[in-house]
Amino acid sequence: MVPVIGSLRRLVLAPSLEKVSFAGRGFPVTPSDATERLEAVPRAVVCGFEWGIDARSQWELERRLALVDAEQRGFAYEGATMACSVLDAMGPRRGNRTRELLLGPGRPHIFLAYIGIGFAMARLPRVLWRKVAPDLPADGGYYPEMSWLAVDGYGFDLAYFRTRRWVDRQERPAPYPWEGDADYFPRAVDQGIGRALWFVHGGNPGDVAAAVRAFAPGRHADLWSGVGLAATFAGATGAAGFDALRREAGDHWPELAQGSVFAVKARHYSGFVPEHTAVAAERLAGLAVERAVHLADSTAVPASAAGTAPAYELWRRKVRDAVGTAPVTG
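For what it's worth, the working numbering labels the leading residue of the sequence shown as 1, then goes sequentially.
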């Protein structure tokens with residue numbers, strides 16, 4: 001029998017499959033085959049969360065997640081990591097479920113797993129946030145540099161589930177000293193909001209671009225980076241759509257390309273690169289998959305090199321500098 005406390009947490013914290021659908025969220029999306037594929041992403045996250053809450057062991061959780069097809073499996077790990085983070089934070093002492101997951105079967109999906117931690121943050125009081133990020137060995141496995149993706153995930157969750165407040169009214173959350181840097185916190189949140197805009201507008205380049213431009217100009221760069229990451233990782237448009245998105249980004253094309261490069265790296269690290277990711281990398285960043293991965297690897301900045309900005313931001317800058325400001329084509 002599933003533990004009662006686990007069932008209660010699932011019922012209270014997990015949205016239903018209907019609630020995460022575009023129609024359920026009230027997003028201005030015209031249904032199509034492409035948007036149906038895009039909607040499969042939040043559904044996979046919900047399933048992963050429910051399995052993460054209910055599973056009796058990591059062995060059981062890993063085998064449930066293995067049933068998800070390769071293209072969506074990382075999103076299911078997002079949800080599972082969210083569940084483990086909630087369980088770890090809500091106990092009397094800091095739990096170790098998240099750490100065990102990320103050092104075990106979740107390691108190939110470490111990029112999306114951090115985003116899942118951010119989903120947990122959106123459902124927990126800030127006093128518990130100190131318990132959500134596991135202490136992982138700094139052995140080249142993108143810790144702690146990529147832990148800023150948790151804040152990105154937090155921003156995505158705000159925009160996806162409370163769109164009127166965070167997208168329409170464009171409010172900003174109070175700063176929080178994530179990794180000791182409260183100043184960078186709002187920027188990482190905006191990167192997640194940018195990712196959410198790709199879903200809120202069903203991957204329609206023109207509508208996504210209009211949504212970005214509705215924000216204050218100082219926020220556009222981080223929003224475009226998030227758009228590039230989401231478009232490349234999740235797809236939902238073809239080559240012509242990616243070309244249109246690149247044109248719409250205008251002077252913020254390097255940020256769009258940077259997000260695309262990070263998405264390619266995350267897909268490649270997981271062991272599965274879908275065709276739409278390869279097409280997006282070529283159209284948004286002008287790079288084949290192998291070159292995008294090499295760029296991400298060759299520009300990575302260790303946490304020890306951080307100065308006035310987090311290593312994560314220094315990494316993003318180096319990728320932007322490397323892709324340059326080539327004229328838009330297509």
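Just so you know, even glycine gets a beta-carbon here, dropped at the ideal spot from N, CA and C.
My guess is that residue i and residue j are in contact by the Cβ rule of under 8 Å, so how many angstroms apart are they, rounded?
i, j, result
"Val208", "Val227", "6 Å"
"Arg320", "Gln258", "5 Å"
"Ala89", "Ala120", "7 Å"
"Ala133", "Ala150", "6 Å"
"Ala231", "Gly203", "7 Å"
"Leu136", "Arg99", "7 Å"
"Val289", "Val273", "6 Å"
"Tyr184", "Pro310", "5 Å"
Less than 9 Å between the beta carbons of residue i and residue j, yes or no?
i, j, result
"Gly271", "Pro108", "yes"
"Glu78", "Ala55", "no"
"Tyr269", "Ile53", "no"
"Phe156", "Pro205", "no"
"Ala305", "Leu295", "no"
"Arg335", "Val293", "Missing from the structure shown is residue 335; the chain here goes from 1 to 330 and no further."
"Glu179", "Trp198", "no"
"Ala303", "Glu145", "yes"
"Thr308", "Ala322", "no"
"Leu61", "Leu101", "yes"
"Pro31", "Ala23", "yes"
"Gly91", "Leu65", "no"
"Arg267", "Gly106", "no"
"Ala263", "Phe233", "yes"
"Val46", "Val20", "yes"
"Thr237", "Ala40", "no"
"Arg283", "Leu245", "yes"
"Ala281", "Ser260", "yes"
"Tyr154", "Pro125", "no"
"Ser225", "Arg316", "yes"
For residue i, count neighbouring Cβ atoms within 10 angstroms of its own Cβ and tell me buried if that reaches 16, exposed if not.
i, result
"Glu71", "buried"
"Leu67", "exposed"
"Glu248", "buried"
"Pro175", "exposed"
"Val127", "exposed"
"Arg195", "buried"
"Asp152", "buried"
"Trp51", "buried"
"Trp59", "exposed"
"Asp297", "exposed"
"Gly57", "The sequence shown places Ser at residue 57, not Gly. The residue is exposed, with fewer than 16 neighbouring Cβ atoms inside 10 Å."
"Ala285", "buried"
"Glu255", "buried"
"Ala122", "buried"
"Asp181", "buried"
"Ala76", "buried"
"Arg97", "buried"
Subject >> Touch test, the stretch 266-283 against the stretch 209-221, Cβ-Cβ under 8 Å, three pairs minimum >> reply: No contact exists between the stretch 266-283 and the stretch 209-221.
Subject >> Stretch-stretch touch, CB-based, cutoff 8 Å, three pairs: the stretch 113-126 with the stretch 71-83 >> reply: Here the stretch 113-126 lies against the stretch 71-83, with 3 or more beta-carbon pairs under 8 Å apart.
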